[in-house]
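The opening residue of the sequence shown carries number 1 in the UniProt record's numbering; numbering runs sequentially from there.
Structure first, commentary second.
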Amino acid sequence: MSQTHETPPGGEHASTPDAEAPQSYDVEAVQAKWQPVWEELEPFRADDEVVRSGQREKRYALTMFPYPSGDLHMGHAEVTALHDVLARYWWQRGYEVLNPMGWDSFGLPAENAAIKNDAHPADYTYGNIETQLESFKKYAVSFDWSRRFNTSDPDYYRWTQWLFLRMHEQGLAYRKNSPVNWCPNDQTVLANEQVVDGACERCGAEVTKRELTQWYFRTTAYAQELLDSLDDLQPTWSDKVVNAQRNWIGRSEGAHVDFVVDGRDEPLTVYTTRPDTLFGATFMVVAADAPLAAELVTSEQLPALDDYLVEVRKETDIDRLATDRPKTGVFLGVHATNPLTGEKIPVYAADYVLADYGTGAIMAVPGQDQRDWDFAQVFDLPIIRTVQPPADFDGDAFTGDGPAINSANDEIDLSGMGVAEAKSTTIDYLERQGLGRGTVNFRLRDWLVSRQRYWGPPIPIIHCPTCGEVPVPDDQLPVELPELRGADLKPKGVSPLGGAEEWVNVTCPTCGGAATRDTDTLDTFVDSSWYFLRYVSPHDDTQAFDSDLINMWGPCDIYIGGDEHAVLHLLYARFFTKALRDMGLVSFGEPFSAYLSQGKVINNGRKMSKSLGNGVSLGGQLAEFGVDAVRLTLVFASPPEDNIDWADVSPSGSLKFLQRAWRLSGDVTSEPGAAPAEGDVALRRITHKTVHDAAHLVEAYRFNVMVARTMELVNATRKAIDSGCGPADPAVREAVEAVAILLSLVAPYVAEEMWERLGHQPTVARAGWPVVDEALLVEESVIAVVQLKGKVKARLEVSPDISEADLEAAALADPAVVRALDGETVRKVIVRAPKLVNIVV
């Protein structure tokens, strides 16, 4: 088997096998030996010109960059080990691979860790970056370190601010006053996506509501496209992630319906996904914390609403939307008119409607909605079914399809219609009468990007009493953070930047008058929504990124990360890419062509936690077993998307296997370049089949199975040597070289050692994928199993292309089968040529 050798400079590192070599190797010594060699050779430095000239096809391999809130942990070890299999495989297959790494160094995780350790965020963050950098290099991931950057570098966040201003120019960044999610622990606002089960995604504190003026990105402008393009991603993204995005975007088709309210000039407009049930609307509900409630309430009912609001503001959105909690509310003292029945229906304020859903008000149809049913029961309100439930239905509200009932007036009759027809008919009628219109609505809300914290990019807006919101001119970027050394940076509910008077007080760029800077900083997810674009030109001080280069390298061919970003980061990055495409800055609309979601590393069935005492130190595992053994264990443990329970794996067993593989390289006595065609055919078949299958397994992300097949090849090679094939046989060299190349994807140190002992120059990572001889993949014979009464009675060596008739005849004629039949009548023979015969008597 031949390889396409692409050896970088550094032939002086080559050596020849040592016949007196020990039968195990010193893990620490091997790691210390190869790190400086790789540092000098830079085998993974991507060359733009190689791709631009067409010499090699590109691959962009991206893994999520880390927060520098401490040293690397087991989660980092897992994701980078999995990621590296694919990146190194692409190099071996002859692609030019862009595989960069940097640090997501702004934001709450880094800032909170710094405050906890009584350090300035800059000092703490950059110290951790250097620690993680050294750990990454020791871990031998194939990153191109020439492209590294940190999002907290002014050279980076200058362009984050520049992109914010482009969004502002396009109307995609705007400021408004509204109820927002508030984390009382981190003392900052949160986007809807950062509230998980009613708690802060970062710290776990229960989230409350506040009324604040904040900056938003208009993600809703791309809601439909964000939804539609998921169809294109479905084949290459996990169903779990795609479905999470679909659900979060939450497209629904319905109608806006106008209700006349007593004493109000303008009609009250509500959004409903079920306009067909309008005949059953017996009351209306307004979100208690929506401005509309305060507008509608009568003076007599205002004290009751104020008291109720005190309780509502203690609740999270998750709590309010729960179907199993008691329904509460306050009558606002006004009535509206149902446009189809003409009935006067009461208007209530309640907590189970959210202020930012539709118009903040709903028509309540208790017969077809369980929460409305429960509310009607509490307040003794009428319930009218508008859809006939099946005869065996014994529940409360019926939400399924069925014929319309109780749904007619002098001008429209829905009786007997199914839901779809009744919806369409009702919308047509409302539009003709000027009472409403068909509408598409989305659950997705605009992205709140303001943060009342110090460690983030300052928002590049100046507030002028004369000119209003004034963008900072491009030539004055970056707006750098003041150092604020010695200041108390603990969260207090307002931005610490407000206290930096020299920094805050400026002149207006437009009129020259006194003005102030915006004192909020941007959400760290803004930094990570475009970082993959910066990697193509990380040191360019003239532009955020080189459009020609990103259009050449992009989109990313693979992105590897965790399910915790199924909505958060991935949705934001997709929005950014589409917006930048429409500005003409990139040519593609999706940032990541494929997404591989990795599981978590747990211990004894539970998430690792100091409080549980089940944490596993990555540093401790590396010190005890070595980098290769830990990487191999993580890759071999399970499919990438599954969790790995560290209690169930064996890094010591991985180390023993690697020692066995390494010993093979010392047994080879043939010279490099020996003609493998003259070697043992049986071993060659196994080698070529393994390499052939390994390629397909890696491309299908079945990395653990690829490792298993490599282990089988090691065993087969050892058996061949010990059974007389001999270390001088060229087939042995071919097999061991294949093992070294396959292991280079997972265990780079031992692979490099093996490659050197086999007489080759470093680095094995650029040796080239072994060429497979298709003729050796054709099996000369296979074993067919013959079963009788569910038990194996014979094994026949047959041709792979044997016909079913011939295989049946051979099975029935086999002496062992004849004896087992013992004269019984064969009723049926099931043949699956060439491997199975099942005889039924």
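Ideal Cβ positions, reconstructed from N, Cα and C, are used throughout, including at glycine.
Note that the coordinates shown come from a computational prediction; the quantities given were computed from them, not determined experimentally.
Which residues bound the beta strand (DSSP E) around residue i?
| i | result |
| --- | --- |
| residue 251 | 251-261 |
| residue 788 | 782-788 |
| residue 437 | 436-442 |
| residue 362 | 361-364 |
| residue 463 | 461-464 |
| residue 471 | 468-471 |
| residue 794 | 791-798 |
| residue 505 | 505-507 |
Starting from residue i, trace the alpha helix (DSSP H) in both directions and tell me its first and last residue.
| i | result |
| --- | --- |
| residue 550 | 547-553 |
| residue 719 | 703-720 |
| residue 748 | 748-757 |
| residue 284 | From DSSP, residue 284 is part of no alpha helix (DSSP H) but of the beta strand (DSSP E) over 283-287. |
| residue 346 | Residue 346 -> not in any alpha helix (DSSP H); beta strand (DSSP E) instead, spanning 344-350. |
| residue 692 | 681-699 |
| residue 432 | 419-433 |
| residue 270 | No alpha helix (DSSP H) contains residue 270, which is instead part of the beta strand (DSSP E) from 268-272. |
| residue 559 | Looking at the DSSP string, residue 559 is not in any alpha helix (DSSP H); the run it does join, the beta strand (DSSP E), is 558-562. |
Helix or strand or just coil, what does DSSP make of residue i?
| i | result |
| --- | --- |
| residue 62 | strand |
| residue 182 | strand |
| residue 408 | strand |
| residue 177 | strand |
| residue 831 | strand |
| residue 42 | coil |
| residue 217 | strand |
| residue 598 | strand |
| residue 846 | Nothing can be reported for residue 846: it is not among the residues displayed for the chain, which extend from 1 to 841. |
| residue 290 | coil |
| residue 572 | helix |
| residue 674 | coil |
| residue 912 | What the structure shows of the chain is the stretch from 1 to 841, and residue 912 is not part of that stretch, so it cannot be assessed. |
| residue 147 | helix |
| residue 237 | coil |
So, for residue i: in the same chain, excluding its five sequence neighbours on each side, which residues have a beta-carbon less than 7 Å away from its beta-carbon?
| i | result |
| --- | --- |
| residue 368 | 274, 277, 280, 386, 387, 397, 398 and 399 |
| residue 490 | 115 |
| residue 658 | 628, 629, 632, 747 and 750 |
| residue 828 | 840 |
| residue 752 | 34, 762, 763 and 764 |
Whose CA, out of the options, lies closest to the CA of residue i?
| i | options | result |
| --- | --- | --- |
| residue 405 | 393, 422, 493 and 828 | 422 |
| residue 110 | 39, 71, 390 and 37 | 71 |
| residue 486 | 336, 120, 94 and 480 | 120 |
| residue 332 | 293, 372 and 325 | 293 |
| residue 130 | 419, 62, 105 and 239 | 105 |
| residue 384 | 364, 394 and 392 | 364 |
| residue 492 | 174, 453 and 514 | 453 |
| residue 245 | 519, 698, 223 and 835 | 223 |
| residue 778 | 409, 182, 801 and 769 | 801 |
| residue 225 | 500, 581 and 687 | 581 |
| residue 100 | 669, 715, 221 and 143 | 143 |
| residue 25 | 656, 719, 817 and 221 | 656 |
For residue i, which residues in the same chain have their Cβ closer than 8 Å to its Cβ, ignoring the five residues on either side in sequence?
| i | result |
| --- | --- |
| residue 22 | For residue 22, the pLDDT reaches just 49, beneath the cut-off of 50, and the residue's location in the model is therefore unreliable, although a value from the coordinates is still provided. No residues qualify anywhere along the chain. |
| residue 642 | 599 |
| residue 707 | 632, 635, 636 and 746 |
| residue 39 | 137 |
Going by the CB atoms, is the gap between residue j and residue i shorter than 8 Å?
| i | j | result |
| --- | --- | --- |
| residue 188 | residue 517 | no |
| residue 470 | residue 459 | no |
| residue 140 | residue 748 | yes |
| residue 60 | residue 646 | no |
| residue 157 | residue 457 | yes |
| residue 594 | residue 550 | no |
| residue 212 | residue 200 | no |
| residue 542 | residue 513 | no |
| residue 339 | residue 257 | yes |
| residue 732 | residue 776 | no |
| residue 447 | residue 219 | yes |
Closer than 6 Å by C-beta to residue i: which residues in its own chain qualify, once you throw out the five before and the five after it? Chain order, please.
| i | result |
| --- | --- |
| residue 11 | Residue confidence for residue 11 is low, a pLDDT of 39 falling below 50, so the modelled location carries little weight and cannot support an answer. |
| residue 43 | 8, 763, 765 and 766 |
| residue 561 | 64 |
| residue 251 | 227 and 442 |
For chain C, find out if any of its Cβ atoms is closer than 8 Å to the Cβ of residue i; answer yes or no.
| i | result |
| --- | --- |
| residue 312 | In the displayed structure, chain C is absent; only one protein chain is listed. |
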